[in-house]
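If you count by this note's numbering, then the sequence shown holds residues 12 to 762, one letter each, in order.
Each remark here refers to the structure printed beneath this line.
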Amino acid sequence: MHFRPSITLPPKFLAGRPAVLSLLVGTLAVVAFLAAGFVAWFSWEITTGLPKRDTIAGIGDMAQSTTIFDASDKPVFTIFKEQRIEIPLSQMSPNLIKAVISVEDQRFYDHGGVDAIRVAAAAMRNIEAGRRAEGGSTITQQLARQSFLTRDKTFSRKLKEAVLAGYIEGEYTKEQILEMYLNKVYFGEGLYGVEAASRGYFGKSASDLDVDEGALLAGLIQSPSSYAPTVNLERALARRSVVLHTMVNSGAIDADTAERARNAKVDLKNGLEVRESSGLYFKEHVRRELVDRFGWQRVYQGGLRVYTTMDADLQQQAEKLVEQGLAQIEGRRGFDQVTRAKHPKIEEGQSPGYLQGALVSLDPATGHVRAMVGGRDFNESRFNRAVQAKRQSGSAFKPFVFAAALEAGHSPASMITGLNDPTLTPQGDWVPEDEHSTEPAMTLRTALRTSSNRAAVQLLNTIGIPRAVDYAEKLNVGTPPSVPSLALGAGDVSLIALTGAYGAFANGGIVRRPLMIRRVDDNEGNVLFEDEGTATRAISESTAFLMASMLADVINSGTAYRARQAGFTLPAAGKTGTTNDYVDAWFVGFTPQVVTGVWIGFDQPKTIIRGGYAGEVAVPTWANFMKVATKGHKPEWIARPSDIAGTNVCRLSGLLPNDGCDGVDVVSRDGSVESRSMIYTEYFVRGTQPSAVCPLHPRRSFMDALAGAFGKDTGPPAIPSDSAALPTPPARPTTGTSPGGAAGAGSPAGA
Numbered sequence: 012m013h014f015r016p017s018i019t020l021p022p023k024f025l026a027g028r029p030a031v032l033s034l035l036v037g038t039l040a041v042v043a044f045l046a047a048g049f050v051a052w053f054s055w056e057i058t059t060g061l062p063k064r065d066t067i068a069g070i071g072d073m074a075q076s077t078t079i080f081d082a083s084d085k086p087v088f089t090i091f092k093e094q095r096i097e098i099p100l101s102q103m104s105p106n107l108i109k110a111v112i113s114v115e116d117q118r119f120y121d122h123g124g125v126d127a128i129r130v131a132a133a134a135m136r137n138i139e140a141g142r143r144a145e146g147g148s149t150i151t152q153q154l155a156r157q158s159f160l161t162r163d164k165t166f167s168r169k170l171k172e173a174v175l176a177g178y179i180e181g182e183y184t185k186e187q188i189l190e191m192y193l194n195k196v197y198f199g200e201g202l203y204g205v206e207a208a209s210r211g212y213f214g215k216s217a218s219d220l221d222v223d224e225g226a227l228l229a230g231l232i233q234s235p236s237s238y239a240p241t242v243n244l245e246r247a248l249a250r251r252s253v254v255l256h257t258m259v260n261s262g263a264i265d266a267d268t269a270e271r272a273r274n275a276k277v278d279l280k281n282g283l284e285v286r287e288s289s290g291l292y293f294k295e296h297v298r299r300e301l302v303d304r305f306g307w308q309r310v311y312q313g314g315l316r317v318y319t320t321m322d323a324d325l326q327q328q329a330e331k332l333v334e335q336g337l338a339q340i341e342g343r344r345g346f347d348q349v350t351r352a353k354h355p356k357i358e359e360g361q362s363p364g365y366l367q368g369a370l371v372s373l374d375p376a377t378g379h380v381r382a383m384v385g386g387r388d389f390n391e392s393r394f395n396r397a398v399q400a401k402r403q404s405g406s407a408f409k410p411f412v413f414a415a416a417l418e419a420g421h422s423p424a425s426m427i428t429g430l431n432d433p434t435l436t437p438q439g440d441w442v443p444e445d446e447h448s449t450e451p452a453m454t455l456r457t458a459l460r461t462s463s464n465r466a467a468v469q470l471l472n473t474i475g476i477p478r479a480v481d482y483a484e485k486l487n488v489g490t491p492p493s494v495p496s497l498a499l500g501a502g503d504v505s506l507i508a509l510t511g512a513y514g515a516f517a518n519g520g521i522v523r524r525p526l527m528i529r530r531v532d533d534n535e536g537n538v539l540f541e542d543e544g545t546a547t548r549a550i551s552e553s554t555a556f557l558m559a560s561m562l563a564d565v566i567n568s569g570t571a572y573r574a575r576q577a578g579f580t581l582p583a584a585g586k587t588g589t590t591n592d593y594v595d596a597w598f599v600g601f602t603p604q605v606v607t608g609v610w611i612g613f614d615q616p617k618t619i620i621r622g623g624y625a626g627e628v629a630v631p632t633w634a635n636f637m638k639v640a641t642k643g644h645k646p647e648w649i650a651r652p653s654d655i656a657g658t659n660v661c662r663l664s665g666l667l668p669n670d671g672c673d674g675v676d677v678v679s680r681d682g683s684v685e686s687r688s689m690i691y692t693e694y695f696v697r698g699t700q701p702s703a704v705c706p707l708h709p710r711r712s713f714m715d716a717l718a719g720a721f722g723k724d725t726g727p728p729a730i731p732s733d734s735a736a737l738p739t740p741p742a743r744p745t746t747g748t749s750p751g752g753a754a755g756a757g758s759p760a761g762a
């Protein structure tokens, strides 16, 4: 039988029992409430900030560098938020993998995301040290932190890290986790992932790393800023020794291998370095275009592969020659502006006050920009003067007026008359100035060669302003103002647009939009964008040929004759442009394969140098560059179209010659008189040849001709030998081996 003792409670206790029970129940309720609150808070603290499930599923997605290639498909630039090259685990050296696992997570293949043994050991060491001396995060935990969490050293963050690590271990294999980690981890110097780190420090792929190199990289993970060999080689070597010792203890390598690796010399070589000291304006233009098309995130993190049109070697030469040309101008007598060498330091946001220059060179057949210089120093001024700046082009605009006239039925031998007649404007009568001629009439060829302002304005009046505006638009130079000074370049235009427009003269009348990006692939090699450019017929093939012929005279004996003095000998054509007060100097010229434009001036418009015509200021830089750009090219010229014919005319009247045009006395600059033939062969579209005979030189009688043969010529009086009166004749029509114009006539300063 069970004995239950009898307990007699005091009356007072029995009387207070309900109150005690109530207090006990209340206390338990409060404790339960607090416990529930703590659990709720703890759960909220852990789950708050954790990524959603679909976000976690994208853990393998990581930012990759965009690589920009030149015209020969060599990498020249990178764009990145994190400089990374993602590779599979199979392409990573076992030496590196063993080193990382040994020093970061020796039980990586044994735990489920959290290494309890390591956590406990780390906690004991931290207690002994009296501070947080060691962490216990596994590779999986580090991957979780790098992908989704902050680096705050808090208890809640560590718990979140553990939760995420468990999820990752449940969703991915160990090999997948290791591959993601090694592609994502930071190695210092802006290098993310083992491939970028291997190339950035050793100039080799991660698959080729030796034991010593793998150990050095593994040692960086703990503190990249402290152990980077480019920052402190001594500390990097000490850390490498620690890693090698750990590898021996873990059985990854033997002691002899570790000793050899410990004694290995570090050969630092940056294999990711590209020639970003040049081409920065080109790169920036490409970057802007990419961001406009694909968005910032994809450009900076999407690992795009961008194939451009840039010739890296030519780009480097372009920048060098532009700088040399500008320095030579600054060194000339009469240059009274501050030079680049003496310019005070440029503050951020300020525009440099020294002389600037820009250059664009492209292939007229494709529109591919081979080189572009946007200024003297990209780091001081990112403003691209080749693309973003729009300035008045001066006489460099005249070819568009002349092309419109040819399209309207004029010929190079057509006479422009009334050059001294005023043009009515809202401000009153206006007669533009010509510094080098006063003749009342001249042919189109002479007018373009000598850059006559009066002739250009009268030609514009003849064909009508709307026609000239229409052809300017067809040639992609924009819509200039409908004013008489349009003929003198009153409208603003960019260098790249002007250069592209001149390409039509070299390309049979077809204008190509300048382009710099050929193709864009994603990080898996899929083509996202391909640009073959746009081709539009702006003028007829015959007009393009006639314009090229007339513009060849500009180089051979006109305002750009200094191109020949500079040693550029290939057949070429072009036009100078100088704005009022010598503020802007332009020259755009071309061969059949290359068209190049040069602009020189100040950002804030002011005189470059007194008397600084473009022929003196811009042409030498153009010529020096073209000698490089056309190296190895054959001396070929544009093929003559089938509807172009050659006819003999008088160079003064533009009409059919008589025998009086064959011997005209000309007064040279020294006062001597010599007899010259005024007859030359001009190009015409078939059916537009003149039918009238020259009235300026009367046909000589038989007796006059006989007297002339014996030195007693009684023909017309001698005429002065000035550049306007004596245009250089074009070469006789051929099948396309030489341009119109032959060097040797006058050498006027250029407008």
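Beta carbons are placed, not taken as given, at the ideal position from N, Cα and C, and that holds for glycine.
Can you list, in chain order, the residues of its chain whose CB lies under 8 Å from that of Asp126, leaving out five sequence neighbours each side? Along the sequence shown, read from residue 1 onward, the residue named residue 126 stands at position 115. Only Asp116, Arg118, Gly147 and Thr149 meet the Cβ criterion.
Going by the CB atoms, is the gap between Asn431 and Thr449 shorter than 9 Å? Taking the sequence shown and counting its residues from 1, one reaches residue 449 at position 438. Taking the sequence shown and counting its residues from 1, one reaches residue 431 at position 420. Yes, the pair counts as a contact, with Cβ atoms nearer than the cut-off.
Let me know the secondary structure DSSP gives Arg271 once reduced to three states. In the sequence shown, residue 271 corresponds to position 260, counting from 1. Here Arg271 sits in helix by DSSP.
Check whether the Cβ atoms of Thr587 and Ala596 sit closer than 9 Å, and answer yes or no. Position 576 of the sequence shown holds residue 587. Position 585 of the sequence shown holds residue 596. Yes; because the gap between Cβ atoms is below 9 Å, this pair is in contact.
Exposed or buried, Val468, counting other C-beta atoms within 10 Å across all chains shown (16 or more means buried)? Looking up residue 468 in the sequence shown gives position 457. Per the 10 Å Cβ criterion, buried.
Just to confirm, are Asn464 and Pro443 a CB contact at a threshold of 9 Å? Residue numbering aside, residue 464 sits at position 453 when the sequence shown is read from its first letter. Residue numbering aside, residue 443 sits at position 432 when the sequence shown is read from its first letter. Yes, Cβ-Cβ distance for Asn464 and Pro443 is below 9 Å.
If you compare alpha carbons, which of Glu172, Arg156 and Ile611 is closest to Asp333? Here residue 333 corresponds to residue number 322 of the sequence shown, with the count starting at 1. Contrary to the premise, residue 333 reads as Val rather than Asp in this sequence. Closest by alpha carbon: Ile611.
In the DSSP assignment, find the unbroken beta strand (DSSP E) run with Ala382 in it and report its ends. Numbered from 1 along the sequence shown, position 371 holds the residue referred to as residue 382. Its beta strand (DSSP E) spans residues Val380 to Val384.
Could I get the ranges of all uninterrupted alpha helix (DSSP H) runs contained in the stretch 535-582, with 4 residues as the minimum, in chain order? 552-568 and 573-576
On the criterion of 16 or more Cβ atoms from any shown chain inside 10 Å, does Lys109 qualify as buried, or is it exposed? What you label residue 109 is simply residue 98 of the sequence shown in a count that begins at 1. That one is buried.
List the residues that DSSP assigns as beta-bridge partners of Glu693. Stepping through the sequence shown from its first residue, residue 693 is reached at position 682. Paired residue(s): Thr658.
Which residues mark the beginning and the end of the alpha helix (DSSP H) in which Leu370 is found? Looking up residue 370 in the sequence shown gives position 359. Taken as a continuous stretch (DSSP letters only), Leu370 belongs to no alpha helix (DSSP H), being part of the beta strand (DSSP E) at Gln367 to Leu373.
In whole angstroms, what separates the C-alpha of Phe695 from that of Ser496? Along the sequence shown, one-based indexing puts residue 695 at 684. Along the sequence shown, one-based indexing puts residue 496 at 485. In a straight line, the C-alpha of Phe695 is about 28 Å away from that of Ser496.
If you draw a straight line from the alpha carbon of Gln326 to that of Glu190, how long is it in whole angstroms? Walking along the sequence shown from the start, residue 326 turns up at place 315. Walking along the sequence shown from the start, residue 190 turns up at place 179. Rounded to the nearest angstrom, the two C-alpha atoms are 39 Å apart.
Suppose contacts are defined by Cβ-Cβ distances below 9 Å. Is Gly214 in contact with Glu200 by that definition? If you number the sequence shown from 1, residue 214 lands on position 203. If you number the sequence shown from 1, residue 200 lands on position 189. Taking 9 Å as the Cβ cut-off, Gly214 and Glu200 do not qualify as a contacting pair.
By how many angstroms is the C-alpha of Phe598 removed from the C-alpha of Ala483? Along the sequence shown, read from residue 1 onward, the residue named residue 483 stands at position 472. Along the sequence shown, read from residue 1 onward, the residue named residue 598 stands at position 587. Using only the alpha carbons, I get a separation of about 18 Å.
One question on the structure: do Thr78 and Leu315 come within less than 9 Å of each other, judged by their Cβ atoms? Counting from 1 along the sequence shown, the entry for residue 78 is found at position 67. Counting from 1 along the sequence shown, the entry for residue 315 is found at position 304. Yes.
Length at least 3, wholly inside the stretch 424-456: the beta strand (DSSP E) runs in chain order: 434-436 and 439-441
Whole-angstrom distance between Trp648 and Gln399, CA atom to CA atom: In the sequence shown, counting from the first residue as 1, residue 399 sits at position 388. In the sequence shown, counting from the first residue as 1, residue 648 sits at position 637. Our two residues, Gln399 and Trp648, have alpha carbons roughly 33 Å apart in a direct line.
On the three-state DSSP scale, how would you describe Trp610? Taking the first residue of the sequence shown as position 1, residue 610 is located at position 599. DSSP places Trp610 in strand when its eight states are reduced to three.
From the DSSP output, in three-state form, read off Lys586 for me. Numbered from its first residue, the sequence shown carries residue 586 at position 575. In the structure shown, Lys586 adopts extended strand secondary structure according to DSSP, grouped into three states.
Taking the beta strand (DSSP E) that Glu685 falls in, what are its first and last residues? Counting from one through the sequence shown, the residue named residue 685 turns up at place 674. Here the beta strand (DSSP E) through Glu685 covers Val684 to Arg687.
Use the C-beta contact count for Gly128: other C-beta atoms within 10 angstroms, 16 or more gives buried, fewer gives exposed. Along the sequence shown, one-based indexing puts residue 128 at 117. Before going further, note that residue 128 is Ile rather than Gly in the sequence given. That one is exposed.
Buried/exposed call for Tyr120, threshold 16 Cβ in 10 Å: Locating residue 120 in the sequence shown gives position 109, counting from the first residue. It is exposed - the Cβ of Tyr120 has fewer than 16 other Cβ atoms within 10 Å.
For Pro105, write down the residues that DSSP places opposite it in a beta bridge. If you number the sequence shown from 1, residue 105 lands on position 94. DSSP output for Pro105 lists no bridge partner at all.
Taking the alpha-carbon positions, what's the Leu562 to Ala424 distance? As a position in the sequence shown, residue 562 is number 551, starting the count at 1. As a position in the sequence shown, residue 424 is number 413, starting the count at 1. Each residue's Cα considered, the two are about 14 Å apart.
Check whether the Cβ atoms of Ala703 and Leu666 lie closer than 9 Å to each other. The residue you call residue 703 lines up with position 692 of the sequence shown. The residue you call residue 666 lines up with position 655 of the sequence shown. Yes, these two residues count as a Cβ contact at 9 Å.
Between Arg621 and the ligand MG, is there a pair consisting of the residue's CB and a ligand heavy atom that are separated by less than 8 Å? Within the structure as shown, the ligand MG is missing, as the structure has no ligands at all.
Check for me: the alpha helix (DSSP H) holding Val253 runs from which residue to which? As a working note, residue 253 is residue 242 in the sequence shown. Note, Val253: alpha helix (DSSP H), Leu244 to Ser261.
Span separating the alpha-carbon of Glu97 from that of Arg530: Working through the sequence shown from its first residue, we reach residue 97 at position 86. Working through the sequence shown from its first residue, we reach residue 530 at position 519. Each residue's Cα considered, the two are about 21 Å apart.
When you compare only the Cα positions, how much space is there between Phe413 and Arg697? Your numbering for residue 413 matches position 402 in the sequence shown. Your numbering for residue 697 matches position 686 in the sequence shown. For Phe413 and Arg697, the distance between alpha carbons rounds to 19 Å.
Beta bridge counterpart(s) of Ser192 as assigned by DSSP: By 1-based counting over the sequence shown, the position of residue 192 is 181. In the sequence on display, residue 192 carries Tyr and not Ser. The partner list for Tyr192 (beta bridge, DSSP) is empty, contrary to what the question assumes.
Short CB-CB distance (under 9 Å) between His447 and chain D: In the displayed structure, chain D is absent; only one protein chain is listed.
Answer yes if the stretch 558-572 comes into contact with the stretch 537-544, meaning at least three C-beta pairs across the two stretches below 8 Å, and no otherwise. Cβ pair count under 8 Å is below three, so no.
Cutting at 7 Å between CB atoms, please list the residues of its own chain near Val302, excluding the five before and the five after it. Residue mapping note: residue 302 aligns to position 291 of the sequence shown, counting from 1. So the list reads Val310, once near-sequence residues are dropped.
Pro631: which of Asp614, Val609, Phe613 and Cys705 sits nearest, CA to CA? Along the sequence shown, read from residue 1 onward, the residue named residue 631 stands at position 620. The shortest Cα separation from Pro631 among Asp614, Val609, Phe613 and Cys705 belongs to Val609.
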